[in-house]
Each structure stands twice: as structure tokens, then as C-alpha cells.
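Notes to accompany the following structure.
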Amino acid sequence: MAPGIYVMAIITLVASVALWGGLVHRLSGRQGRYLWLLLPGLPLSAIANLGIKGPLARLVAGAAGITPTSDQRLPVWFLAFLFLLAPLFEEALKALPLVVPGIRAMARHRSAAFWSGIALGVSFGLGEAAYIAYGVAQSTQYARYPWYAFTGFFLERTLTCLAHGVFTAVMVMGLQRERSRAWIGYLLAVGLHALLNVGAALLQFRILAPEWAQLYTFAAFIAVILLFISLRVLVTREGVPPG
25 MAPGIYVMAI ITLVASVALW GGLVHRLSGR QGRYLWLLLP GLPLSAIANL
75 GIKGPLARLV AGAAGITPTS DQRLPVWFLA FLFLLAPLFE EALKALPLVV
125 PGIRAMARHR SAAFWSGIAL GVSFGLGEAA YIAYGVAQST QYARYPWYAF
175 TGFFLERTLT CLAHGVFTAV MVMGLQRERS RAWIGYLLAV GLHALLNVGA
225 ALLQFRILAP EWAQLYTFAA FIAVILLFIS LRVLVTREGV PPG
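Its first residue numbered 25, the sequence shown is counted upward by one per residue in my numbering.
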């Protein structure tokens, strides 16, 4: 019998597609083309973790003589390095589908860049939820828990899908406005991603108590929602570009 996390993961994926996919379709003027962008990012989280972040972390740790799984106190620089791995590489990977001419053409206008970025980021978030669920399922510690014990996974992953979407939208909008300064949009996305992860990182490094880490993360998600609303108002003023 499959672990309960798989049941909750399926519920999370279906709910996230329905909620955020439906939101993109409705608020973009019912332009179904953006729904196809929920597909390209699905494998990118696994690629980021298995092909880039994991090997790079092991390479740097080995070169510095660090064993992260031991009880040794990790140096501050290495903790900072681990903290920045996700924002730096994931934000770059989420924009990777834009190398496809057909996808890049969809983001020519600012409003189109916004909705394309939202869809691509949500796509990454869906794949990340599946990847994390697989990782949880490999631990015997969680094997005995029923599916409804993973409500926290559902809430966090569903909101994280939107957060990924907003961060990617910021980057894609930056790419659309002025390609010579595209790095600004990328750095903004990296900074926002890092800020969202602060609470979880401080908890993992045993610097912040769980209740304070949860409070920070809750406030960060509220900020993400407010940023989404602000950007949506901004692009709405320009109208919906022709399909």
C-alpha cells in the first residue's frame, strides 16, 4: 500500500492545478494558451535537486572537508551557501522553458509575461510537490501516518506553487521589459525566493523556534499574495494582449 503522503500529494496537485490554473485562465481573460505552460516546469525541481544542488553541495562540502550529516558544527559560509542554492538555481531553471521560441513569443507583452511567468512558476511548484512527496515516502518514519496527517504538506505546497509563480512572473516581466538588464528581474526573483525561505532555514539550522518560523512563513505567504494582487492590477491596466 502506498504511503499516505502519496494520497495527499495527489490531492495537492489536483487542487493546485484547479486553483491556480483556474485563476490564471479566469484572470488572464480566459486565454487557454497559458494552461499549457503548467507542463514544461514539472521535471525541473527534480533536475535542480538531483542534477545541480545535491552534487554541487557535496562537491563544495568535500573540497572543504565538511560532512553535513555528522555532528560537526557547520561553518557559517557553508550554511549561507546551502541557503542560496535553491533561489539561485531554481529561479534560473524556472525560466528555462523560455528558450523555446513558441513559449518565448507568448511573453512579448508585459501582461502576457506576467501570466506566462505565473504559469511556469506554478508548473515548477507542482513538480516540486511531487518530488518532495517522493522523498517523504522513502522515510519509514512517515510510513504509518494516514493521508490526512499531511495537511501541512497540502497547505504549504499549494501556497508555494503560487509563490513560485509570482517569483517567476517578476523575472519574466524583467526579461520582457529590457533584455540588456534582464539580470535585475532575476536578482529580484532570487531575493524574493530567499526571503520566503528564511523562516524554514532558521528553523532547520536551529536558530528559530518552530512557532516563530511558522509565523514568519505565514507572513511571507501573505506578502506573496499581496505582491500577486499588485502585479495583476499593474498589468490589467494595460489590457489583455491579442492571442
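Each residue gets a CB set at the ideal place from its N, CA and C atoms; glycine is no exception.
From a predicted model like this one, the values you see are computed outputs, not experimental measurements.
Compute the Euclidean distance between the alpha carbons of Val248 and Arg181, then round it to the nearest angstrom. Answer to the nearest angstrom: the Cα atoms are 14 Å apart.
Could you tell me the boundaries of the alpha helix (DSSP H) in which Ala129 lies? Run containing Ala129: Pro125 to Ala129, per the alpha helix (DSSP H) assignment.
Close Cβ partners of Ile90 (< 7 Å) along its chain, the five nearest in sequence each way excluded: The beta carbon of Ile90 is closer than 7 Å to those of Leu98 and Phe102 in its chain, skipping five residues each way along the sequence.
Please name the residue, chosen from Ser40, Ala193, Ala154 and Leu43, that lies closest to Trp139 on a Cα-to-Cα basis. Distances from the CA of Trp139 to each of Ser40, Ala193, Ala154 and Leu43 were compared; the closest alpha carbon is that of Ala193.
What does the alpha-carbon distance come out to for the pair Leu144 and Gln200? Pairing Leu144 with Gln200, the inter-Cα distance amounts to about 15 Å.
According to the neighbour-count rule (16 or more other Cβ atoms, all chains shown, within 10 Å of its Cβ), is Trp236 buried or exposed? Exposed is the call here.
Three-state secondary structure (DSSP) at Ser163? Assignment of Ser163 by DSSP, reduced to helix, strand and coil, places it in the coil class.
Nearest to Ala218 by CA position, among Leu108, Ala85 and Pro92, is which residue? If we check each option's Cα against that of Ala218, Leu108 comes out closest.
Exposure label - Ile29; buried when at least 16 CB within 10 Å: Burial is judged here by how many other beta carbons sit within 10 angstroms of a residue's own beta carbon; Ile29 has at least 16 and is buried.
Spatial neighbours of Ser40 in its chain, beta-carbon cut-off 8 Å, leaving aside the 5 residues before and after: Contacts found: Val146, Gly149, Leu150, Ala153, Arg181, Thr182 and Cys185.
Going along the chain, which unbroken runs of the beta strand (DSSP E) with 3 or more residues stay wholly within the segment 55-124? Fully enclosed beta strand (DSSP E) runs of 3 or longer: not present.
Sorted by chain position, which residues of the same chain lie with C-beta nearer than 6 Å to Ala167's C-beta, five sequence neighbours on each side aside? So the qualifying residues of the chain are Pro27.
With a threshold of 8 Å, are at least 3 pairs of Cβ atoms found where one atom belongs to the segment 65-77 and the other to the segment 109-122? In short, these stretches touch, since the Cβ pair count reaches three.
Using beta-carbon positions only, say whether Val190 and Phe245 come within less than 8 Å of one another. Not a contact, by the Cβ cut-off of 8 Å.
Look at the Cβ atom of Leu61, then the Cβ atom of His49, and state whether they are nearer than 8 Å. No Cβ-Cβ contact shorter than 8 Å links Leu61 with His49.
Under the three-state reduction of DSSP, which class applies to Pro266: helix, strand or coil? Confidence in Pro266 is poor, its pLDDT being 47 and thus under 50, which makes the residue's placement unreliable; the coordinate value appears in the next sentence. Here Pro266 carries a coil assignment [DSSP, helix/strand/coil].
Output the boundary residues of the alpha helix (DSSP H) element that contains His49. Residues Gly46 to Leu51.
Local conformation of Ala247 per DSSP, three classes: In the structure shown, Ala247 falls within a helical segment according to DSSP collapsed to helix, strand and coil.
Going by DSSP, what residue range makes up the alpha helix (DSSP H) through Ile231? Careful: Ile231 lies outside any alpha helix (DSSP H) and carries neither H nor E.
Output the distance between the C-alpha atoms of Leu232 and Val257, rounded to the nearest integer angstrom. Straight-line Cα distance between these residues: approximately 35 Å.
Selection from Phe229, Val196, Arg230 and Ile34 that minimises the alpha carbon distance to His133: Across the set Phe229, Val196, Arg230 and Ile34, the C-alpha of Val196 shows the shortest separation from the C-alpha of His133.
Measure the alpha-carbon distance for Gln162 versus Trp171 and round it to whole angstroms. Computed Cα separation, rounded: 15 Å.
Residue interval of the alpha helix (DSSP H) (run including Leu179): Looking at the DSSP string, the run of the alpha helix (DSSP H) that includes Leu179 is Thr175 to Arg201.
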